[in-house]
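As you go down the protein sequences, you meet chains V and X in turn. Here the UniProt record's numbering is used: the first residue of the first sequence is 1, the next is one more, and so on. Here the UniProt record's numbering is used: the first residue of the second sequence is 1, the next is one more, and so on. In this text, a Cβ means the ideal position worked out from N, Cα and C, and glycines have one as well. Inspection log for the structure reproduced underneath, given as structure tokens.
There are 2 protein chains.
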Amino acid sequence: MFEQLGLIGCGLMGGSFALALKRAGLVKRIVGYSKSPSTTERARQMGVIDVEAPSALLAVSGADIVLLAVPVSATEATFKAIRHLVGPNTLVMDVGSTKRDVVDAARRVLRDSVGSFVPCHPITGKEVSGVEHADVDLYTGKQVILTPIERTLTAQLQKASDVWTALGCHVIKMSPQAHDAAYAAVSHLPHLIAFALINGIMGQDHGKDYMSLAGPGFRDFTRIAASDPQMWRDILIANREELLAQSKIFQQTLQSLEQLISSGSGDVLEVLIEQASESRAHWRMSSHKSQK
Amino acid sequence: MFEQLGLIGCGLMGGSFALALKRAGLVKRIVGYSKSPSTTERARQMGVIDVEAPSALLAVSGADIVLLAVPVSATEATFKAIRHLVGPNTLVMDVGSTKRDVVDAARRVLRDSVGSFVPCHPITGKEVSGVEHADVDLYTGKQVILTPIERTLTAQLQKASDVWTALGCHVIKMSPQAHDAAYAAVSHLPHLIAFALINGIMGQDHGKDYMSLAGPGFRDFTRIAASDPQMWRDILIANREELLAQSKIFQQTLQSLEQLISSGSGDVLEVLIEQASESRAHWRMSSHKSQK
Chain V
1 MFEQLGLIGC
11 GLMGGSFALA
21 LKRAGLVKRI
31 VGYSKSPSTT
41 ERARQMGVID
51 VEAPSALLAV
61 SGADIVLLAV
71 PVSATEATFK
81 AIRHLVGPNT
91 LVMDVGSTKR
101 DVVDAARRVL
111 RDSVGSFVPC
121 HPITGKEVSG
131 VEHADVDLYT
141 GKQVILTPIE
151 RTLTAQLQKA
161 SDVWTALGCH
171 VIKMSPQAHD
181 AAYAAVSHLP
191 HLIAFALING
201 IMGQDHGKDY
211 MSLAGPGFRD
221 FTRIAASDPQ
231 MWRDILIANR
241 EELLAQSKIF
251 QQTLQSLEQL
261 ISSGSGDVLE
271 VLIEQASESR
281 AHWRMSSHKS
291 QK
Chain X
1 MFEQLGLIGC
11 GLMGGSFALA
21 LKRAGLVKRI
31 VGYSKSPSTT
41 ERARQMGVID
51 VEAPSALLAV
61 SGADIVLLAV
71 PVSATEATFK
81 AIRHLVGPNT
91 LVMDVGSTKR
101 DVVDAARRVL
111 RDSVGSFVPC
121 HPITGKEVSG
131 VEHADVDLYT
141 GKQVILTPIE
151 RTLTAQLQKA
161 SDVWTALGCH
171 VIKMSPQAHD
181 AAYAAVSHLP
191 HLIAFALING
201 IMGQDHGKDY
211 MSLAGPGFRD
221 FTRIAASDPQ
231 MWRDILIANR
241 EELLAQSKIF
251 QQTLQSLEQL
261 ISSGSGDVLE
271 VLIEQASESR
281 AHWRMSSHKS
291 QK
């Protein structure tokens, strides 16, 4: 049981965490701060937080658990704002989609207190943002990746793991490097491709007409292209090294398929499509065994 | 009202058409043929067809409406098998995902009877195939693209349009060329990309681990990668010219984004992501205005 959650960033991710933590009976008081005072006020009016703080530092004051739910690019500035109140008994977590950059910022800024920080990436979200879409079940049944470093305190890592588990999450631990490599492949690259596909079509004379003819395959394939631009700008740049490496592999694979198509090599092409089709047909989301 | 439907190919697409035509009270008798006799038998046992024909020609004998629901690569051979029974009062349609190659085959094979053929592409399907998945509502509320040529008989074009409309479809007419260009962009290229993405990931040492960490964005983005290999081999090769042109535009757009990521040009990158995000957020499937 925690005394006080210091919530920095009262949007979709932060607000949903606050609601879930309160429902689970794990926290007595939630003090929230958002960059925009109107967001913080709305969060309090909605009952997502109990008290509005005028600064990130004041949200952390008295908190034994802190969640950073800000855009990845704002992480370092947030660490700077709160570092004087991060002690060995404070559990500090984030929800960022990239981890190496967050860990680097934590090392640089938190220094001796870096052990209190447990980097987290919950595999969840919505295409809409803002506290008005906060959902007490956003994290229920989802994977949460923890990427501790050698300096992370065992006690804080265990606490973080316990909190997410109590919210109904499936907790996985890996290194920040392994995390960023994996999500470059299965999340960041698909987003980049979806953005490029839409812009490539819309840049053509008949692009809008083409889009109007599209069906359910296109709908699902491009759903992630509607994601938040600022958030994704930050992610793609923060994880650029792994992302560009994955994009290179993808383009090489694409070009091999193109060559087979170009030369009409149907047999080999079919074998390769079959490999893709089988791999995808047998895949299941780890925390949603029943869903395709 | 038609006397007899000659159904060539009693799989998902053909079987669903037969069920819908019968439910609409538009046909008295359905004679079906499939390459595999066991499929034809199952179709009759399920009540999808009334009579099993031992050949495509015999399915067409006595038919005033004929539907070819065979893989695109089998279209020409099917035309050859039935051409002697295609008269000016027979309405012949197909359901192929590409149209220039089908129209070319029709011209070559049907010759003077080519006017009876109305090329059709219903924008529907399932990831599963076979008559056991036939669904009376597969076409309900969906778009159907008709791609008549200058020799198509007006009467047959009108009949085709009426049939699909009676099944609850939204009928659109365009040239085979325009059709193939549009679907290269919004269907064939997304499939090619999805196949390449999966194979690119699975070809890596940790590919399987990466896949196991993927979430709902990946699930939706890659759903089409599980499509039927033979069908997609045929489509990608049949429409290769338009597909490769679209793939080139896509790769150029992707590489422009990569350059911005590589140089850390966040502002321009955000503007371009915002363009994609806005375009996608405002897009709606034309026959499903309520669906995202």
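Status (buried if at least 16 other CB within 10 Å, exposed otherwise) for residue i
i                      : result
Arg-233 of chain X     : buried
Lys-99 of chain X      : buried
residue 322 of chain X : No statement about residue 322 of chain X is possible, as the shown extent of chain X runs from 1 to 292 and does not include it.
Met-231 of chain X     : buried
Val-271 of chain V     : exposed
His-282 of chain V     : exposed
Ala-81 of chain X      : buried
Asp-228 of chain V     : buried
Ser-38 of chain V      : exposed
Asp-101 of chain V     : buried
Arg-42 of chain V      : buried
Proximity to residue i [Cα-Cα], best of the options
i                  : options                                       : result
Ser-263 of chain V : X:Gln-156, X:Glu-241 and X:Gly-200            : X:Glu-241
Thr-222 of chain X : X:Ile-149, X:Leu-91, X:Val-31 and X:Ala-196   : X:Ala-196
Ala-134 of chain V : V:Phe-117, V:Gln-251, V:Met-231 and V:Met-46  : V:Met-46
Met-13 of chain X  : X:Thr-165, X:Val-109, X:Cys-120 and X:Thr-90  : X:Cys-120
Val-144 of chain X : X:Ile-172, X:Leu-68, X:Arg-284 and X:Leu-91   : X:Ile-172
Leu-91 of chain V  : V:Arg-44, V:Met-1 and V:Ser-16                : V:Met-1
Lys-28 of chain V  : V:Gly-11, V:Gly-6 and V:Ser-38                : V:Gly-6
Ala-185 of chain X : V:His-84, V:Lys-208 and V:His-188             : V:Lys-208
Glu-150 of chain V : V:Asp-104, V:Val-163 and V:Val-136            : V:Asp-104
Ser-279 of chain V : X:Arg-219, X:Ile-65, X:Val-60 and X:Leu-157   : X:Arg-219
Ala-225 of chain X : X:Trp-164, X:Gly-200 and X:Leu-58             : X:Gly-200
Val-118 of chain X : X:Ser-129, X:Gly-141, X:Pro-88 and X:Tyr-139  : X:Pro-88
His-84 of chain V  : V:Ser-277, V:Ile-237, V:Glu-52 and V:Ala-63   : V:Ala-63
His-179 of chain V : V:Gly-15, V:Val-136 and V:Asn-239             : V:Asn-239
Gly-130 of chain X : X:His-188, X:Pro-71 and X:Ser-97              : X:Pro-71
Gly-141 of chain X : V:Pro-216, V:Ala-160, V:Leu-146 and V:Leu-153 : V:Pro-216
Gln-156 of chain V : V:Pro-54, V:Ile-8 and V:Val-66                : V:Val-66
Tyr-183 of chain X : X:Ala-160, X:Thr-124 and X:Tyr-139            : X:Thr-124
Cys-169 of chain V : V:Pro-122, V:Ala-59, V:Glu-132 and V:Leu-243  : V:Pro-122
Leu-189 of chain X : V:Leu-189, V:Ala-194 and V:His-188            : V:Ala-194
Val-128 of chain V : V:Ile-49, V:Val-31, V:Leu-213 and V:Ser-16    : V:Ser-16
Ile-49 of chain V  : V:Leu-57, V:Ser-55, V:Ser-97 and V:Thr-40     : V:Thr-40
Reduced DSSP secondary structure (H/G/I, E/B, other) of residue i
i                  : result
Val-86 of chain V  : coil
Leu-146 of chain V : strand
Gln-4 of chain X   : strand
Leu-68 of chain V  : strand
Val-31 of chain V  : strand
Asp-50 of chain V  : coil
Pro-229 of chain X : helix
Pro-122 of chain X : strand
Leu-110 of chain V : helix
Met-211 of chain V : helix
Ser-57 of chain V  : According to the sequence displayed, residue 57 of chain V carries Leu and not Ser. Three-state DSSP puts Leu-57 of chain V in a helix.
Ser-286 of chain V : coil
Leu-269 of chain V : helix
Val-92 of chain X  : strand
CB contact check: residue i to chain V, cutoff 9 Å
i                  : result
Lys-142 of chain X : yes
Trp-164 of chain X : no
Arg-108 of chain X : no
Phe-218 of chain X : yes
Phe-17 of chain X  : no
His-133 of chain X : no
His-191 of chain X : yes
Leu-12 of chain X  : no
Glu-41 of chain X  : no
Pro-119 of chain X : no
Leu-197 of chain X : yes
Contact with chain X by residue i, beta-carbon distance below 9 Å
i                  : result
Gln-252 of chain V : yes
Thr-150 of chain V : Just to set this straight, residue 150 of chain V is Glu in the shown sequence, not Thr. For Glu-150 of chain V, the answer is no, since every Cβ of chain X falls outside 9 Å of its Cβ.
Asp-209 of chain V : yes
Thr-75 of chain V  : no
Asp-234 of chain V : yes
Ala-20 of chain V  : no
Leu-272 of chain V : yes
Asn-89 of chain V  : no
Val-186 of chain V : yes
*Considering only residues of the region 130 to 201 of chain X, which uninterrupted beta strand (DSSP E) runs meet the minimum length of 3 residues and lie entirely inside it, listed in chain order?*
143 to 146 and 170 to 173
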